[in-house]
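Working notes for the structure below.
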Amino acid sequence: MATPDAPSPLDLRRVRLLPEELANQIAAGEVVERPASAVRELVENALDAGATRVEIATAGGGLSFIRVGDDGSGMDARDLALSVERHCTSKLSDDIDAIRSLGFRGEALPSIGSVGKLTIRSRTQGADSGHEIAVTGGRVSPVRPAAANRGTLVEVRDLFFATPARLKFMKGERAEAGAITETVRRTAIAFPQVRFTLSGSDRATLDLRACDSHEARVAQVIGREFADNALAIEAEREGVRLSGFASIPAFSRANSLHQYLYVNGRPVRDRWLAGALRGAYADVLPRDRHAVAALFLELDPALVDVNVHPAKADVRFRDPGLVRGLIVGSIREALARSGVRAATTGAAAMLAAFRPGGMEGGGVEGGGGFGEGPAPSFRGWQARPPASGGFDAAASFQRPLGFGETAQAVLEPGADARAGMAEAAPELTARPLGAARAQVHENYIVAQTGDSLIIVDQHAAHERLVYEALKQALSARAVPSQMLLLPEIVDLAEEDAGRLAGHGELLARFGLELERFGPGAVAVRATPSMLGAVDVPQLVRDLADEIAESDTVETLKERLDAIAATMACHGSVRSGRRLRPDEMNALLRQMEATPGSGTCNHGRPTYVELKLSDIERLFGRR
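Sequence positions in the sequence shown follow the working numbering and run 5 to 626.
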């Protein structure tokens, strides 16, 4: 039997207006997902107010206490009363397409006040005193005079006390505190001229002083290590401007948490932008590695919709292809322009391995350590002049580097590796990878520059060179296809079949020939010969999904690139192959001329560089 207060089944069918308190709590669930969401909204309000200093303090992972203070423009008594009313804001005109502020909905403060205990104290620049207002579980107290500094101070206590069910889904104090830290860090990168201070009983203090450039703030937040291994990105196309920094391939992470993307100063976590960044590194990083980047997109607000997600984390572009092409093209151009470059972390790991006790406990992370016992020494080889005309890059596709065609040089063990060795030519030591001096363990080329020692993994390096030659060959002509004895009919949704047919000409260049077969199917007549026996229906469906999501045919291109990578791996010079001095130097010169040669097809570094100053410090000479 239903209780007297419970609505009858008939009542549940009727449309009724929800109580304001309940409506606010429902809306708060979308805007304030966790303490970090509340901090983000309050910090964005401070920045919109023109603050040059933002101070954040938390306790209990933000669930017990949050305080955000700023030196912005502040609010008077009237504005303070309206600020806790839903859909009241000073940041939006009648034009929804002209959003130039971080906040614009007027939902943050009433949402926080509906699920927690909110107190706001504020004073404008010209006022003699400030005012204060309090909201507890949606109940608003009258505005009253209060002592306050210029700007606004917001305190939130007992977040989600009014919705205790939400507390069950919160993570531990440490996890929530970490999410707040990450939120502040992401926001701070976009506003280098603002000082951010994050403190509290649940964390170590984070103090990001104001600086004059994004470069300096990126170094503050992500670390100097990233700054030393990053490329500057600067490009503009059809009114869309891209700037920022992206890591070299040799400097990558196991996840994408170190990718910071911004649209008109707004931090976003957008799948489309993340996919474009991944596409830019598709040829130089494996799928389980991720680049480190801080990229800033600036465009007309009318060309981007920021009102598609309650947390404003996603955006929609009017021309997504333009944005994707700008990101992919500019990063690839920067990678090609940078030439061959090793990560500075490789030298640090190498130095750690050489120090006494450096190999205890399993050696340097990432494997490939050094064997036990005394290091072997080698008698020097007599340098031979390189073949006339130098290295033939065009020949590398058919006959990779020409290695192994003649008798190999023999490196005899000896006490002095330089005995009988001619000095390296100055024009070679002046090159980025220097002059080859020896081959050790039949796999590593040791080279010398004017101020460093280079160690090259010959198999990994040549693998990249052959791979790039294969890709050039594939791009220069259509991919050979193999005809099917009988066309394969693949049933699809009508819209998917239409998308595939619309990309038919491009797919044919990759060796996949298909055509519409009725309203909801395609007929596949040929497949790329490189793929061999292939599951045609699965291939077609994967392509349809890829086109539906990003309007590209990256899936097929990735499969072909994977085949090319495998061919390159098996067609490159093997470990254990002894090389002549001219062959080693030819390999070094080809690496210098090939973009992305700092990593192999699997994302591993192809060489490490140890500066002479590092070696001198290793021996206590500095």
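Where a beta carbon is used, it is the ideal one built from N, C-alpha and C, also for glycine.
Since this is a predicted model, take the numbers as computed values, not measurements.
List the residues that DSSP assigns as beta-bridge partners of residue i.
i: HIS294; result: ARG257
i: ALA527; result: ILE493, GLU519
i: GLY204; result: THR62
i: LYS615; result: SER456
i: PHE300; result: SER247, TYR266
i: PHE173; result: None; PHE173 has no bridge partner.
i: MET595; result: None, per the DSSP bridge assignment.
i: ASP318; result: DSSP, once it has assigned bridges, lists no residue as partnering ASP318.
i: GLU238; result: SER247
i: ILE70; result: THR62, VAL160
i: SER485; result: PRO532
Alpha carbon to alpha carbon, how far is residue j from residue i? Give it in angstroms, no decimals.
i: PRO609; j: ILE237; result: 22 Å
i: SER392; j: GLU587; result: Any reading at SER392 must be qualified, since the residue scores a pLDDT of 38, below 50, and its modelled position is unreliable; no value is offered.
i: ASP132; j: THR156; result: 14 Å
i: ARG82; j: PHE173; result: 37 Å
i: VAL612; j: SER342; result: 16 Å
i: GLU431; j: LEU437; result: 11 Å
i: GLU337; j: GLY329; result: 12 Å
i: ALA234; j: ALA286; result: 17 Å
i: ASP75; j: ALA231; result: 30 Å
i: ALA442; j: ILE493; result: 58 Å
i: GLY506; j: GLY522; result: 14 Å
i: ARG241; j: HIS294; result: 26 Å
i: MET487; j: ARG529; result: 6 Å
i: LEU339; j: VAL319; result: 27 Å
i: ALA85; j: VAL147; result: 7 Å
i: VAL272; j: GLN263; result: 10 Å
i: THR713; j: VAL58; result: Shown here, the chain extends from 5 to 626; a query on residue 713 therefore has no answer.
i: PHE395; j: ASN589; result: Since pLDDT at PHE395 reaches only 38, below the 50 mark, its modelled position is unreliable, and no value is offered.
i: VAL19; j: VAL308; result: 36 Å
i: ALA112; j: THR93; result: 10 Å
i: LEU246; j: ILE335; result: 10 Å
i: GLY283; j: GLU229; result: 24 Å
i: ILE137; j: ILE116; result: 13 Å
i: ARG468; j: GLN197; result: 42 Å
i: LYS615; j: SER260; result: 30 Å
i: ILE70; j: GLY600; result: 46 Å
i: SER118; j: ASP216; result: 39 Å
i: ALA183; j: GLY502; result: 43 Å
i: ASP292; j: ARG257; result: 9 Å
i: MET534; j: LEU516; result: 11 Å
i: HIS606; j: LEU289; result: 7 Å
i: GLU658; j: LEU511; result: No answer is possible for residue 658: it lies beyond the span of the chain, which begins at 5 and ends at 626.
i: PRO39; j: LEU281; result: 29 Å
If contacts are defined as beta-carbon pairs under 8 Å, then residue i and residue j qualify, I think. What distance do you get, rounded to the angstrom?
i: ALA451; j: ALA439; result: 6 Å
i: GLY580; j: GLU446; result: 5 Å
i: SER485; j: THR531; result: 6 Å
i: GLY78; j: ARG189; result: The pair is not a contact, with the Cβ atoms about 26 Å apart (cut-off 8 Å).
i: SER251; j: ALA297; result: 7 Å
i: VAL540; j: ARG513; result: So it is not a contact: roughly 18 Å between Cβ atoms.
i: VAL158; j: VAL72; result: 5 Å
i: GLY110; j: ARG125; result: Rounded, the Cβ-Cβ distance is 20 Å, inconsistent with contact.
i: ALA150; j: GLY134; result: 5 Å
Using DSSP with H/G/I as helix, E/B as strand and the rest coil, what is residue i?
i: THR185; result: helix
i: PRO149; result: strand
i: ALA473; result: helix
i: ALA440; result: strand
i: ALA263; result: The sequence given here places Gln at residue 263; Ala does not occur at that position. Note: GLN263 maps to strand in three-state DSSP.
i: GLY283; result: helix
i: VAL450; result: strand
i: THR156; result: strand
i: GLN224; result: helix
i: GLN129; result: coil
i: ARG57; result: strand
i: ILE551; result: helix
i: GLY624; result: coil
i: HIS135; result: strand
i: SER41; result: helix
i: ILE193; result: helix
i: ASP232; result: helix
i: VAL546; result: One point to set straight first is that residue 546 is Asp, not Val, in the sequence displayed. Reduced to three states, the DSSP call for ASP546 is helix.
Measure from the C-beta of residue i to each C-beta in chain D and report whether the shortest distance is under 8 Å.
i: GLY454; result: Among the protein chains of the structure shown there is no chain D, as only one such chain exists.
At a cut-off of 7 Å, would you count residue i as near the ligand ATP, judging by its Cβ distance to the nearest heavy atom?
i: PHE300; result: The ligand ATP is absent from the structure shown, which contains no ligand whatsoever.
Original post:
On the three-pair Cβ rule with 8 Å, is the segment 59-66 touching the segment 191-210?
Top reply: Yes, the segment 59-66 is in contact with the segment 191-210.
Original post:
Should the segment 264-272 be called in touch with the segment 297-308, which here means at least 3 C-beta pairs below 8 Å?
Top reply: yes
Original post:
Should the segment 166-181 be called in touch with the segment 189-198, which here means at least 3 C-beta pairs below 8 Å?
Top reply: no
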